[in-house]
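The next block holds one structure in the form of structure tokens; read it before the comments.
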Amino acid sequence: MSGVTAAADGIEQAVRDNSIRLVDVRHAEQYEGGHIPGAASLPLGGLLEAETPEQIARLAGEAGVGDGTRAVIYDDAFGALASRVAWALEYIGHRDVLLLEETYSGWAAAGRSTGTGGPRGASERHSVSVQPGLLATADYLESVMHRDGTVVLDNRERLNYLEHHIPGAVSLPYVTLGGEGRILRPPGELGRLLDNRGVPADAEIITYCGSVGTLSGLAYYALKSAGRSNARLYAKSFKEWRGLSKPVETQADANYWDLSAG
Amino acid sequence: MDAELERRAEGGAPDWARHEEADEFARTVRLFRAGRYDADSFRRFRLQNGAYGTRMTGDYAMVRIKLPAGEVRPEQLERIARLSEQYSIGSAHFSTRENVQLHWVVLEDVSEVMRGLAGVGLTSREACGNTVRNVMCSPLSGVCPEEAFDSTPYALATARFFLRNPMSQNLPRKFKFNFTCCEEHGMARIVDVGLVPRIEDGVRGFRVYLGGGLGNKSYVGHLLEEFTPEEDLLHTSIAVMRIFDRLGDRKNMARNRMRYLVHDMGWEKFQALVLKERAVVKATQSVVTSLQVDARPAEVRRPVSVTSGADPEPAGYQRWLSTCTVRQRQPGYRAVFVSLEAGDITSGQLRSLAGLVRDHSGEGHARAGFLQDVVLRHVHEDDLPRLYAGLVSAGLARPGALTMASPVGCSGTTSCNLALTNSHRLAKEIQKKFLEMGLDGHDDLRGSTIKISGCPNSCGQHGIATIGFYGGGARVGKDMYANYQMSLGGRSDGGAALGATCARVPAKRVMPVILRIIEIFREHKSEGDTLGGWLHRLAAGAGAPGMESVSDVKRAIEPLLAPPSKEEDPDFYLDYGSDTGYHTKTGRGECAA
Ligand code: SF4
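Structure, rendered in structure tokens:
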């Protein structure tokens, strides 16, 4: 295991050894219908409803993630939901969290074992030590967005970006981040993409997407894997930004929507 | 033999790519952004590599992917799908010249697109700029009942010869080759070099048409000689290009296509020069410069026989069968035309299409057509219902591919810098309306075409349409509205001719005007007439008394053309796809179909 992802090989053994806690963030019903053996359920939906870091810590504990646990998280949505959960754990001070390098479907399609057996071990206690440096609030974003050395990344699809985006944001759709059956492309490729875009290695990078920080959560980990660890997630993303009537930019005088088919 | 020829000799598919070009592009963009590369040189470099500018912004490019002879393999379609999601808008666009275009690509990502294309043997190299553009071939070449022989291998060999050839890197202007199957299926007389295969005394060769082209001013090509034997093909092409290179106008952007040279010099003189130059080329070029034509017959197999269990007659099947497929010269097989919405196709549809090509095309690849469409060939007749069902579930079974209900529309204001109107959306609106009305089923409208350009530059090929339009603006007082110049009676076949200018038609009156013209046609047509044939006669002033020429048509539609006041009809002053007031706004032109 290296970087921000955990390889699928070796997961089953690590679960048996109890050296990791595997966390399934899909809906509870999906989890009940079959999951990676030994995984605990911590649906993203529940976590997003948690209002305080303490509530997040409690949910983590219930899923068997204690302060010192190595958590490996997976979803079935190209890593975006898993990323959002992983980020939330980091935000409340958890240090040891990885993303499974492939999705549940990928895992199952590769013929690896699935089942309905629950996790071993009891719930744990998780303390709270909020890491404000991982989060961008709207106010924070607004205060730094025009600063040299700060890059704002928009991870929605290109047409949404063209329609409106946070002023000065750079468009990097989430689909550029994964590929070939992996939730993240190799760090070298991601690094090349960012280099081409002229994103300085030491830039502070703030990622955002449409509403709850899932697509941009994946981007957060893509940045980390490419060695750009000075990153923050604007978790409430463009939905909040619009709701607060903050300034937006649009691509004017072009009927780009009429190019899209279907 | 170079590596590519070796690979082909082993039966591999063509590889047009050079992997190192992506790195070079990325490097050059960085230098340009750092101010170490001047804007004009960068622009030339960018175009040479197939990346156009985009409407109102220097931050985005349109990447034009060449499909030489129109051929595209399933894995290439899948790769384009993926690249469109990653770097474009989640859909791709088939052009009228067998290119696939990805719009709204961040300039800094173009190199990533190039890298992805190279992985499946595709290139955007020399898809733009003053180069030999994509070498086209009729989508029916190889299956056309009228053709003398299949010209596809010659098109591929020509593309191969000129791609990255020093000779074609800095021409006075772009240069276009079209190979076709027969005179009827056309497009040979509207390009710089158009080639129609022909056999004389058992010898293969071509009828070569020179100096045609559509644009601000359009011309129909001239026949060089009755017959150009195969062995003279390359020498002829080189000779023409050398003359153009030497004598073409490099100063005046507006008049630097070869057709102007031919026009200014006069055909006889130009013809004599070409024949003389060809003799020189023949005498001086070494033997290496011969076309490497892969003349092996294409392997055709019927992929899967999966007819059992398929519904033999799904709903809508007959309508689709009669308006979207043609019989091949190989008995029992058909070519299937997939009509897109003005060329647009989503990434999901591209993937479905790739699967359908694998399962149903006997040659294992698809071809791009002339009408922003895709063609699956060598489909066994027994497999058609199943293919149809697959197209239906992919949302690709629109009827009317071969009829007037599938208009061509260039990209217009959706991305082109020069556009004055949203020609693209207008084409889609016409398609929707005409399919609803069932116009695709009318026999007397068969073979007629509607083509729309967003400005006089003709990327939408309006000049050869039965009913063609190009965009402009007009005003009432200070209120502007989108307005199209309409021409009637053009055609692209052996009798190629440009339409005759008829009238200016406001964008929001285009559909009523077309429908009115159909009515007039039906009032005046004679037995067996088609709209295309009838309008072609009128364009030449040879209609029947009462409706002799396009001016008579103009008179009959005039009541539809008068602009209402803004109070009466505010919608009239909005272009399609726009909810704010119309204004003309353009940037620097690079011209993009
Ligand atoms: S330049 Fe070409 S693509 Fe652009 S609007 Fe004019 S005809 Fe259409």
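Chains A and B, in that order, are what the protein sequence lines are.
Under our numbering, the residues of the first sequence are numbered 1 to 262, in order.
Under our numbering, the residues of the second sequence are numbered 263 to 855, in order.
Just so it is clear, CB atoms sit at the ideal spot from N, CA and C, and this is done for glycine as well.
If you measure from the beta carbon of ARG212 of chain B to each beta carbon in chain A, is any gap under 7 Å? Beyond the ends of chain B as shown, which are 263 and 855, falls residue 212 of chain B; an answer cannot be given.
Near-chain A residues of the region 364-392 of chain B - C-beta to any C-beta below 8 Å: HIS365, TRP366, VAL368, GLU370, ASP371, SER373 and GLU374
Under 7 Å by beta carbon: chain A residues contacting ALA288 of chain B: ASN196
For ARG652 of chain B, which residues in the same chain have their Cβ closer than 8 Å to its Cβ, ignoring the five residues on either side in sequence? The question names Arg, but residue 652 of chain B in the sequence shown is Gly. Counting only Cβ-Cβ distances below 8 Å, and skipping sequence neighbours, we find SER614, GLY617, LEU618, ASP621 and HIS622.
Can you pull out the residues from the region 183-216 of chain A whose beta carbon lies closer than 7 Å to at least one beta carbon of chain B? LEU193, ASN196, ARG197 and GLY198
Contact set for ALA40 of chain A: own chain, Cβ-Cβ below 6 Å, skip 5 residues either direction: VAL23, ALA63, GLY64 and PRO119
Test: GLY839 of chain B CB closer than 7 Å to a CB of chain A: yes
Look at the Cβ atom of VAL367 of chain B, then the Cβ atom of VAL325 of chain B, and state whether they are nearer than 7 Å. yes
With 7 Å as the threshold, decide whether the Cβ of ARG589 of chain B is near any Cβ in chain A. Taking Cβ atoms only, chain A never reaches closer than 7 Å to ARG589 of chain B, which makes this a no.
Taking CB distances under 7 Å as the criterion, tell me whether ILE782 of chain B reaches chain A. In terms of beta-carbon proximity, ILE782 of chain B stays away from the interface with chain A, with every pair separated by 7 Å or more.
Considering only heavy atoms of the ligand SF4, does any lie closer than 6 Å to the CB of LEU680 of chain B? yes
If we ignore side chains and look at the alpha-carbon of each, how far apart do VAL405 of chain B and HIS27 of chain A end up? Straight across, the Cα-Cα distance linking VAL405 of chain B with HIS27 of chain A is about 53 Å.
Leaving out the 5 sequence neighbours to the left and right, which residues in its chain are closer than 7 Å to TRP529 of chain B when beta-carbon positions are compared? HIS484
Ignore the nearest five residues each way along the sequence and tell me which others in TRP257 of chain A's own chain have a CB closer than 8 Å to its CB. LEU159 and GLU163
CYS390 of chain B Cβ short of 6 Å to the ligand SF4 heavy atom set: Flag unset: Cβ of CYS390 of chain B not near the ligand SF4.
Along the chain, where does the beta strand (DSSP E) that runs through GLY320 of chain B open and close? GLY320 of chain B -> beta strand (DSSP E) spans 319-328.
Return the first residue and the last residue of the beta strand (DSSP E) that THR587 of chain B is part of. That run of the beta strand (DSSP E) goes 587-589.
Segment contact flag, the region 783-790 of chain B with the region 469-488 of chain B, C-beta cutoff 8 Å, min 3 pairs: no
7 Å is my cut-off, CB to CB: does ILE607 of chain B come that close to chain A? The Cβ of ILE607 of chain B sits closer than 7 Å to at least one Cβ of chain A.
Within a Cβ cutoff of 8 Å, which residues of the same chain sit near HIS447 of chain B, ignoring the five residues on either side of it in sequence? SER400, LEU402, CYS406, GLU408 and ASP755
The alpha helix (DSSP H) spanning LYS695 of chain B covers which residue range? Counting along the chain, the alpha helix (DSSP H) containing LYS695 of chain B begins and ends at 685-699.
Residues of chain A with a CB under 7 Å from the CB of GLU347 of chain B: which are they? VAL175
Starting from the C-beta of ARG737 of chain B, find all residues in its chain whose C-beta is less than 8 Å away, skip the five residues before and the five after it, and write them out in chain order. TYR743
Would the C-beta of GLY404 of chain B count as close to the ligand SF4, meaning under 6 Å from any of its heavy atoms? GLY404 of chain B: no, Cβ never under 6 Å from the ligand SF4.
Does the distance between the C-beta of ASN719 of chain B and the nearest non-hydrogen atom of the ligand SF4 fall short of 6 Å? yes
Could you have a look at ASP791 of chain B and say whether DSSP puts it in helix, strand or coil? In the three-state reduction of the DSSP assignment, ASP791 of chain B falls in the coil class.
Check the Cβ of GLU603 of chain B against every Cβ in chain A and list those closer than 7 Å, keeping chain order. For the C-beta of GLU603 of chain B, the chain A residues within less than 7 Å are, from N- to C-terminus, ALA261.
When we look at the beta-carbon of ASP606 of chain B and count the other beta-carbons within 10 Å, is it buried (16 or more) or exposed? buried
Count Cβ pairs between the region 497-516 of chain B and the region 427-434 of chain B that sit closer than 8 Å; are there 3 or more? yes
Any chance the CB of GLY605 of chain B is under 6 Å from a heavy atom of the ligand SAH? For the ligand SAH, the structure offers nothing, since it holds only the ligand SF4.
I'd like to know whether the C-beta of ALA254 of chain A is nearer than 7 Å to at least one C-beta of chain B. Contact of ALA254 of chain A with chain B is assigned, a C-beta pair being separated by under 7 Å.
is_contact[THR442 of chain B, chain A] using C-beta, thresh 7 Å: no
Short of 8 Å in beta carbon distance, which residues of its chain neighbour LEU612 of chain B, apart from the five on each side in sequence? Order them along the chain. LEU339, GLU340, ILE342, ALA343, SER346 and ALA354
Assign LYS740 of chain B to buried or exposed, taking buried as 16 or more other Cβ atoms, counted over all protein chains shown, within 10 Å of its Cβ. In the assembly as shown, LYS740 of chain B is an exposed residue. Its beta-carbon has fewer than 16 other beta-carbons within 10 Å.
Minimum Cβ-Cβ distance from ASP258 of chain A to chain B less than 7 Å: Using a CB distance cut-off of 7 Å, ASP258 of chain A counts as an interface residue toward chain B.
Minimum C-alpha distance to PRO768 of chain B - residue among B:GLY803, B:ALA727, B:ALA802 and B:ILE819: B:ILE819
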